[in-house]
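Taking this note's numbering, the leading residue of the sequence shown gets 1, the next gets one more, and so forth.
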Amino acid sequence: MSNADDVKDELLEHLESVANFMRGMGFDPRIPNDVKQALINRSSQIDELVEKHLEH
1 MSNADDVKDE
11 LLEHLESVAN
21 FMRGMGFDPR
31 IPNDVKQALI
41 NRSSQIDELV
51 EKHLEH
């Protein structure tokens, strides 16, 4: 595996972690519902991006 592949894998792992963190924030009752929905939508977009690049 090349260094570029290692960097790509590390970036994808971090993006997955960010998406999971954002989803977890959706359980915080202090966060307004519109913000929760925005977090859910954006985390789904991150998931799609990660899945797209995992396929290659």
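Ideal Cβ positions, reconstructed from N, Cα and C, are used throughout, including at glycine.
Own chain residues within Cβ distance below 8 angstroms of R23, not counting five before or after
L39, I40, S43
Tell me whether K8, by its Cβ, gets closer than 7 angstroms to a heavy atom of the ligand MN.
Ligands in the displayed structure: none, and consequently the ligand MN is not present.
Below 8 angstroms on the Cβ atoms is my contact criterion, and I expect L49 with L15 to pass it. Report the Cβ-Cβ distance as a whole number of Å.
7 angstroms
Check this for me: beta carbons of I46 and A4, under 8 angstroms apart or not?
no
Range covered by the alpha helix (DSSP H) that runs through G24:
First-last of the alpha helix (DSSP H) with G24: 3–25.
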